[in-house]
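According to the UniProt record's numbering, the residues represented by the sequence shown are 1 to 268, in order. Glycine included, C-beta positions come from ideal geometry on N, C-alpha and C. Just so it is clear, the structure is predicted and the values come from calculations on it, not from any experiment. Notes follow once the structure below has been shown.
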Amino acid sequence: MTPLPLVPLPRPILTPRPQAKHLIELAAPQMKRSTVVGAGGRSVEDSYRTSYGTFLKRYQDEIVERIENRVAAWTQIPVVHQEDTQVLRYGLGQQYKVHADTLRDDEAGVRVATVLIYLNEPEAGGETAFPTSQWVHPSLAQTHGANFSDCARGHVAFAPKRGDALLFWSIGPDGASEDVHASHTGCPVLGGVKWTATKWVHARPFRPTEMIASAGGGVVRPQPYVRDPGVCYDESSQCAEWAAAGDCDKVGFLVYNASELAPFRSMV
Ligand SMILES: O=C(O)CCC(=O)C(=O)O
């Protein structure tokens, strides 16, 4: 089977100022040089990945919890499958060269999806590029790529926009094979600084006892991805119009804005 080109979905996921700023403020005092997985599975510093980063615990406060719940709603996979939030800071020239996110954990299995949230906008560069994928429609190269840096030019790529997030799947629909189109790079920052928050989502629950501890030791609250069948969830100003046209009666209805590749509203 020839795999389909990857369609990373950009979507606003944070209220840009307060929530993005909050994540940066939580992370800033504890940033350390990022690492890659080296020989024997050890974490090592490498010129392949030159950012600084740290992790924020799941459900560590209300804002983190809200964001994690949104990631769960978007991926339709519970928060307990998410790793802690990794916040990254890229200074001038810093980057993450082409790689796949398919790290395996003994208990949680493979990382199946990534939600990459942009916390600010660098002055130049810093795009996320997918050099082994193609745009589903060639016109998108013009719409999205007008001001790309050399690293991103000609590729499926996204320039950071504060509050927006990208969702992409690293594992194919068979649940096992790696999707080569999901290889990606964090292009070098050419001006200013770039902050991101990454949520990696695993096939199975990721260290559930840690999550219960960081949620205060109590019972983990119900998650919003469990939705009432037949209930509309409005995520677009056009929802009232679609509802009036009877779309809410169509189970499984999902509206996409093809020009932006963003799902606006879903029903279960
Ligand atoms: O910073 C980026 O644009 C990409 C980050 C990334 O590749 C990752 O965190 O796995």
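query: Reducing DSSP to helix, strand and coil, say where residue 116 ends up.; result: strand
query: Hey, would you say residue 87 sits closer than 8 Å to residue 195, going by beta carbons?; result: yes
query: Given 7 Å as the limit, tell me if residue 186 has its C-beta closer than that to any heavy atom belonging to ligand 1.; result: yes
query: I'd like the ranges of any beta strand (DSSP E) spanning at least 3 consecutive residues and lying wholly in the segment 155–196.; result: 156–158, 164–169, 184–186, 189–191
query: So residue 32 and residue 52 are supposed to be a Cβ contact under 8 Å. How far apart are they, rounded?; result: 6 Å
query: Within the same chain, show all residues whose beta-carbon is closer than 7 Å to that of residue 162, passing over the 5 residues directly before and after it, in chain order.; result: 16, 20, 118, 119, 120, 121
query: Contact defined as beta carbons within less than 8 Å: I believe residue 129 pairs with residue 202. What is the distance between those atoms, to the nearest angstrom?; result: The pair is not a contact, with the Cβ atoms about 24 Å apart (cut-off 8 Å).
query: Which runs of the beta strand (DSSP E) spanning at least 3 residues fall entirely within the segment 88–154, listed in chain order?; result: 96–99, 109–118, 128–130
query: Which same chain residues end up closer than 6 Å to residue 97 when comparing Cβ atoms and leaving out the 5 residues on each side of it in sequence?; result: 48, 185
query: With hydrogens ignored, establish whether the beta-carbon of residue 23 is closer than 7 Å to any heavy atom of ligand 1.; result: no
query: Verify whether the separation of the beta carbon atoms of residue 116 and residue 189 is less than 8 Å.; result: no
query: Check whether the segment 125–144 touches the segment 154–168, taking contact to mean three or more Cβ pairs, one atom from each stretch, closer than 8 Å.; result: yes
query: Indicate, with yes or no, if ligand 1 has a heavy atom lying under 7 Å from the CB of residue 59.; result: no
query: Hey, out of 114, 69, 102, whose CA is closest to residue 177's CA?; result: 102
query: Which of the three DSSP states is assigned to residue 49 in this structure?; result: strand
query: Using a 10 Å radius around the Cβ and a threshold of 16 neighbouring Cβ atoms, would you call residue 183 buried or exposed?; result: buried
query: If you compare alpha carbons, which of 181, 213, 69, 134 is closest to residue 172?; result: 181
query: Could you give the C-beta distance for residue 80 and residue 170, rounded to a whole number, given that I count them as a contact under 8 Å?; result: In fact, because the Cβ distance is near 19 Å, the residues do not count as touching under 8 Å.
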